[in-house]
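Enquirer: Sharing a structure below in structure tokens format, with a few things to ask.
Numbering (UniProt numbering), first residue to last: 1 to 310.
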């Protein structure tokens, strides 16, 4: 994993000084500090004539100057940007701190107004980066559970409810998994919004190691888990005489408690867009991890960008 990024400027400084923005980008590995000329094998110089944001690398030896120019932003998040570097960092800061589009527009420190389209685009760029980073991070961690471990599994539905001619429009079914004694929460959007065994078992196989003891409710889709290498225990919450924790300790209370927090996140930021619902779920997991580790969200976003564009 990349090194933890460093910050030597405040958010206000980043918003108002292009020079500080470039320095900050270099310090945190978002743009290269140096580049070697392929022909002369010497360090190239940085010029800001054609690329006012972060400059270009140029070799001044012989007739190399004209053909050696390389944008410093090449293969970085800042390649071909149409707005100032200061504004980019400002919008990244807004996204990291969950500012609404309206707040990002209203609090913009630059004289010219930022459009809602620009805010939307950069929030999406940031989210795409976070999603890629979070998915790769989970893949590197591997599966949860294992011999002697317990993983609680429960599914819930999220998304705005509407009524159309007496019918409720359904939200999104989400499968949640968490290991006892761990904060490694896993969430997956059920494919095609279906929670059948054909849909849920592959998701569980994706995240949970074989020989794990899994706790679920009595939803019939889970009945096949024993055939997939799991020790399956069930608790029937629909039975009024059934305790929340049965005598052998089987329960799903911990994973169920996670849903209240997830639901608050979706309601607070009105994240119910069906076209990118899976990305929002992944973003939530990233934000949850940052918060639990008591890290700065903006600097963690910088770290994710550095990782993705490494």
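Where is the CB? At the ideal position from N, CA and C, for every residue including glycine.
Rounded to whole angstroms, what is the Cα-Cα separation between residue 285 and residue 60?
Expert: If you number the chain shown from 1, residue 285 lands on position 285. If you number the chain shown from 1, residue 60 lands on position 60. Distance between the alpha carbons of residue 285 and residue 60: 48 Å.
Enquirer: Which of the three DSSP states is assigned to residue 116 in this structure?
Expert: Numbered from its first residue, the chain shown carries residue 116 at position 116. Residue 116: helix per DSSP, three-state reduction.
Enquirer: Quick one: residues in its chain with C-beta nearer than 6 Å to the C-beta of residue 29, no 5 flanking neighbours on either side, listed in chain order?
Expert: Position 29 of the chain shown, counting from 1, holds the residue named residue 29. So the list reads 306, once near-sequence residues are dropped.
Enquirer: Going by DSSP, what residue range makes up the beta strand (DSSP E) through residue 213?
Expert: Taking the first residue of the chain shown as position 1, residue 213 is located at position 213. Looking at the DSSP string, the run of the beta strand (DSSP E) that includes residue 213 is 213-216.
Enquirer: For residue 203, which residues from the same chain have a beta carbon less than 7 Å from its beta carbon, with the 5 sequence-adjacent residues on both sides left out?
Expert: Counted from its first residue, the chain shown places residue 203 at position 203. 175, 188, listed in sequence order.
Enquirer: When you compare the CB positions of residue 383 and residue 149, do they come within less than 8 Å of one another, or not?
Expert: For residue 383 there is no data in the structure shown, the boundaries of the chain being 1 and 310.
Enquirer: Quickly, what does DSSP pair residue 176 with across the bridge? List them, please.
Expert: Taking the first residue of the chain shown as 1, we reach residue 176 at position 176. Paired residue(s): 154, 187.
Enquirer: If the criterion is Cβ atoms closer than 8 Å, does the pair residue 57 and residue 67 meet it?
Expert: Position 57 of the chain shown, counted from the start, is the residue given in the question as residue 57. Position 67 of the chain shown, counted from the start, is the residue given in the question as residue 67. No.
Enquirer: Do you know offhand how far residue 130's Cα is from residue 89's?
Expert: Translated into the one-based positions of the chain shown, residue 130 becomes position 130. Translated into the one-based positions of the chain shown, residue 89 becomes position 89. Rounded to whole angstroms, residue 130 to residue 89 spans 15 Å at the Cα level.
Enquirer: When you compare only the Cα positions, how much space is there between residue 190 and residue 220?
Expert: Numbered from its first residue, the chain shown carries residue 190 at position 190. Numbered from its first residue, the chain shown carries residue 220 at position 220. Those two C-alpha atoms are separated by around 16 Å.
Enquirer: Cβ atoms of residue 64 and residue 34: under 8 Å apart, would you say?
Expert: Taking the chain shown and counting its residues from 1, the one referred to as residue 34 is at position 34. Taking the chain shown and counting its residues from 1, the one referred to as residue 64 is at position 64. Inclusion of residue 34 and residue 64 in the CB contact set at 8 Å is not warranted, their separation being larger than that value.
Enquirer: Pop quiz: residue 93 and residue 298 are said to be a contact at Cβ under 8 Å. What is the actual Cβ separation, rounded to whole angstroms?
Expert: Residue mapping note: residue 93 aligns to position 93 of the chain shown, counting from 1. Residue mapping note: residue 298 aligns to position 298 of the chain shown, counting from 1. That belief holds up - the Cβ atoms of residue 93 and residue 298 are roughly 5 Å apart, short of 8 Å.
Enquirer: Using 10 angstroms around the beta-carbon of residue 140, count the other beta-carbons present and answer buried if the total reaches 16, otherwise exposed.
Expert: The residue you call residue 140 lines up with position 140 of the chain shown. The residue in question, residue 140, is exposed, as its Cβ has fewer than 16 Cβ neighbours within 10 Å.
Enquirer: Counting only beta-carbon atoms, is residue 264 nearer than 8 Å to chain B?
Expert: The structure shown contains no chain B; it holds only a single protein chain.
Enquirer: Express the C-alpha separation of residue 146 and residue 301 in angstroms, rounding to a whole number.
Expert: What you label residue 301 is simply residue 301 of the chain shown in a count that begins at 1. What you label residue 146 is simply residue 146 of the chain shown in a count that begins at 1. Those two C-alpha atoms are separated by around 31 Å.
Enquirer: Rounded to the nearest angstrom, what separates residue 252 and residue 294 at their Cα positions?
Expert: In the chain shown, the residue the question calls residue 252 occupies position 252. In the chain shown, the residue the question calls residue 294 occupies position 294. If you draw a straight line from the Cα of residue 252 to the Cα of residue 294, it is about 27 Å long.
Enquirer: Between which residues of its own chain and residue 22 is the CB-CB distance below 6 Å, once the five residues before and five after are set aside?
Expert: As a first step, residue 22 must be located in the chain shown, where it is residue number 22. The answer, listed in chain order, is 54.
Enquirer: Assuming contact is defined by CB atoms lying nearer than 8 Å, are residue 250 and residue 262 in contact in what I supplied?
Expert: For the purposes of this step, residue 250 is taken as the residue at position 250 of the chain shown. For the purposes of this step, residue 262 is taken as the residue at position 262 of the chain shown. Cβ atoms of residue 250 and residue 262: not closer than 8 Å.
Enquirer: Look at the alpha carbon of residue 11 and the alpha carbon of residue 197, and state the distance between them as a whole number of angstroms.
Expert: Sequence index remark: in the chain shown, residue 11 carries index 11 (1-based). Sequence index remark: in the chain shown, residue 197 carries index 197 (1-based). Only weak support is given to the placement of residue 11: the predicted model assigns it a pLDDT of 35, under 50, and the value that follows is read from those uncertain coordinates. Going from the Cα of residue 11 to the Cα of residue 197 covers about 49 Å.
Enquirer: Taking the alpha-carbon of residue 155 as reference, which of 260, 227, 109 has the nearest alpha-carbon?
Expert: Numbered from 1 along the chain shown, position 155 holds the residue referred to as residue 155. The residue with the shortest Cα to Cα distance from residue 155 is 260.
Enquirer: Exposed or buried, what is residue 151 when buried is set at 16 or more other beta-carbons lying within 10 Å of its beta-carbon?
Expert: Position 151 of the chain shown, counted from the start, is the residue given in the question as residue 151. When all chains shown are included, residue 151 counts as buried.
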